[in-house]
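I have placed the structure first, in the form of structure tokens, so that the comments after it can refer back to it.
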Amino acid sequence: MSQRETWATRVGFIIAAVGSAVGLGNVWQFPFQTGANGGAAFIVVYLAAVFVIGFPAMLAEFVIGRRAERNPIDAFARLGHRDWRVVGAIGTISAFWILSFYSVVGGWVIRYIVGSATGAYFSGSEAYFGAISAGPEAIGLHALFMALTVGVVAFGVTDGIERSTKLMVPSIVVLLGGLAIWAATLDGGGAGYAYYLSPDIDTLVANIGSILPAAVGQAFFTLSLGMGAMLTYASYLGRDDSLPADGATIVVLNTFVGLLAGLVVFPILFSLGIDPGSGGLGAAFITLAGAFAQLPAGRLLGVVFFVVLLLAALSSAISLLEVVTAYLVDNTDRSRSTLAVGLGAAIFVLGVPSAFGLSILAWYNAIAYNLLLPLSVFCLLIFVGWVDAADAVTELRRGTGLSEGGATAWLWFVRTVVPLGVLVTLLLGLQSLAV
Ligand code: PFF
Ligand code: NA
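Residues 0 to 434 (numbering that gives the first Met the number 0) are what the sequence shown spells out, left to right.
Printed below as a string of structure tokens:
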């Protein structure tokens, strides 16, 4: 087997990880989930979940990945705990599973770029979504999105992922920033800022039972945790930079992009008097596209917005494919490109049912969101916190000025608060699967 790849630069790793984190979850799901959960009150809880629960959990994935220099499954064996490979397997299967329908949504996004340019959905946003989101066209676009993802991963860690995300991530920030400035000029958009940025404490208190699990779930999903993606990316570090510093940069940038997306979406919706509470998988497309149809320069606006969404989705999809590809690259002698193509084809097939109807896609999503993801994160936290604690703490401190006290504080978070938060979402999520 040839020498394992590493990132060319520290910034390359950070940008690739930001690319993984910034995705459909931030730009598409987050503003609408905020809308469905009462606006700014949700954001307060979400931010707390990201920094208190998500950040320590991300570091837990990093320490395993960097120390083991292996894919999620073999990482546990490499660290001397063969039985724990099953945890890596859950994460790897989750990546495979999630990419299958993430790619279907990616296909819709491609279609919406074209639809914006031609104004195809301007006369009927809902009918348009119905026509393109399910059926042969959706399958074809799903194939196209998967092909783009494979095209990046086939070129490898530095030449494929690092190089492409270095273009994609800055483009996302610049275009989204431009859209936010443009949105600020809309008449009547001010109410959107108020709704988005001034939390209503009564709403928060009254709905904490539903806001909390939604916020924690979203925090994990947006930070790409539980699918081995951050673990895998950290396994290519081969360097001793500070993991807490890199992790903090990634978390802050990801949060920034999510908030920026809200600064685009809310003024647009409020300027047209549209209710942002109409969340759900398809509603976001219908609502936003419906809004673009009513705005001056709506075609241009739509193209730019959906290009942002495509770049965000693609840079996340490649991290999911990389998880699975890494396992085979680490374990077989076949070329990376052959493996990426083969896996892409398999994931495409798994995703085809989701291209037949929104309810099937929602079911795939619910399995991932409510079961696979929290389960995998929970087990990983137990491993780092209780099984591998001493080595994990040493690894976290490597290349940092972090005191022993700081590292111990992290460890106790990983042992207590974080798994508890996951457990709550897991139980509430399972309950929602049962009904
Ligand atoms: N973080 C991505 C998003 O917010 O859309 C989704 C994601 C990508 C989750 C990669 C997990 C992952 F491994
Ligand atoms: Na992304």
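Quick reminder that beta carbons are idealized off the backbone N, C-alpha and C, glycines included.
Check	Outcome
Report the rounded CA-to-CA distance for Val151 versus Gly134, giving the unit in angstroms.	27 Å
Figure out for me which residue from Ser99, Gly155, Val43 and Leu174 has the closest Cα to the Cα of Leu308.	Leu174
So, does the CB of Gly177 fall closer than 8 Å to a CB anywhere in chain B?	You won't find chain B in this structure, because it holds only one protein chain.
Do you know how far the Cα of Leu426 is from the Cα of Val62?	27 Å
Is the segment 384-402 touching the segment 59-74 in the sense that three or more CB pairs, one from each, lie closer than 8 Å?	yes
Whole angstroms is fine: what's the gap from Ala205's alpha carbon to Ala39's?	14 Å
Please tell me whether, using a cut-off of 7 Å, the distance from the CB of Met226 to the nearest non-hydrogen atom of the ligand PFF is below it.	yes
Buried or exposed: where does Ala74 fall if 16 or more other Cβ atoms within 10 Å of its Cβ makes it buried?	buried
Give me, in chain order, the residues of the same chain whose beta-carbon lies closer than 7 Å to that of Ala292; leave out the 5 immediate sequence neighbours on both sides.	Tyr120, Phe121 and Ser124
For the putative contact between Pro275 and Phe284, defined by C-beta atoms under 8 Å, what is the C-beta separation to the nearest angstrom?	Between Phe284 and Pro275 the Cβ distance is about 14 Å, and since that is not below 8 Å, they are no contact.
Could you name each continuous alpha helix (DSSP H) segment of 4 residues or more that falls completely within the segment 298-372, going from the start of the chain to the end?	335-350 and 357-366
Cα-Cα, which of Gly272, Asp201 and Tyr326 is closest to Ala228?	Tyr326
When you compare only the Cα positions, how much space is there between Gly129 and Ile97?	22 Å
What residue range is occupied by the uninterrupted alpha helix (DSSP H) comprising Thr407?	Glu403 to Trp411
Please look up how many angstroms separate the CB atoms of Leu313 and Met57, rounded, as I've assumed it's under 8 Å.	So it is not a contact: roughly 21 Å between Cβ atoms.
Suppose the cutoff is 6 Å on Cβ atoms and the five residues either side in sequence are ignored; what does the same chain contact list for Val168 look like?	Ile14, Val17 and Gly18
Applying the criterion that 16 or more other CB atoms from any shown protein chain within 10 Å of the CB defines a buried residue, is Pro444 buried or exposed?	Because residue 444 is not part of the residues shown, which for the chain are 0 to 434, the question remains open.
Taking 6 Å as the limit between beta carbons, can you name the residues of its chain near Thr148, skipping five residues before and five after?	Ala316, Ile317 and Leu320
Please state whether the Cβ-Cβ distance between Gly187 and Ser102 is less than 8 Å.	no
Since Asp201 is in the alpha helix (DSSP H), which residue starts that stretch and which ends it?	Ile200 to Ala205
Can you give me the Cβ contacts of Met0 inside the same chain, cut-off strictly under 6 Å, excluding the 5 residues immediately before and after it?	Caution is warranted here: a pLDDT of 47 is assigned to Met0, below 50, making its placement in the model unreliable, and the coordinate value is therefore given only provisionally. Closer than 6 Å at Cβ, skipping near neighbours: no residue.
Residues in the same chain with beta-carbon distance under 7 Å from Val26, minus the five sequence neighbours each way, listed in chain order, please.	Ala260, Val307, Leu308 and Ala311
What three-state label does DSSP hand Leu427 in the structure shown?	helix
Does the beta-carbon of Gly106, which I'm using as the reference point, lie nearer than 7 Å to any heavy atom of the ligand PFF?	no
Looking only at its own chain, which residues have a Cβ that is under 6 Å from the Cβ of Leu262, when we skip the five neighbours before and after it?	Ala179
Within the present structure, is the beta-carbon of Thr221 separated from the nearest heavy atom of the ligand PFF by less than 7 Å?	yes
By the DSSP assignment, the alpha helix (DSSP H) with Met145 in it spans what residues?	Pro135 to Val152
So, for Leu422: in the same chain, excluding its five sequence neighbours on each side, which residues have a beta-carbon less than 7 Å away from its beta-carbon?	Phe377
Over the uninterrupted alpha helix (DSSP H) stretch that includes Gly184, give me the two end residues.	At residue 184 the sequence reads Thr, which differs from the Gly that was named. Taken as a continuous stretch (DSSP letters only), Thr184 belongs to no alpha helix (DSSP H), as it is neither H nor E.
Three or more C-beta pairs under 8 Å: does that hold for the segment 236-248 against the segment 390-403?	yes
Have a look at Ser358 and Val49 and give me their C-alpha separation to the nearest angstrom.	29 Å
With DSSP collapsed to three states, give me the class of Met226.	coil
For Val10, count the other beta carbons within 10 Å of its own beta carbon; 16 or more makes it buried, fewer makes it exposed. Which is it?	exposed
State the CB to CB distance for the pair Ala437 and Phe31, rounded to an integer number of angstroms; the pair is presumed to be in contact (CB under 8 Å).	Any answer about residue 437 is impossible in this case: the structure gives the chain only from 0 up to 434.
As a quick exercise: from Thr5, Leu371 and Gly350, pick the residue whose alpha carbon is nearest that of Ile160.	Thr5
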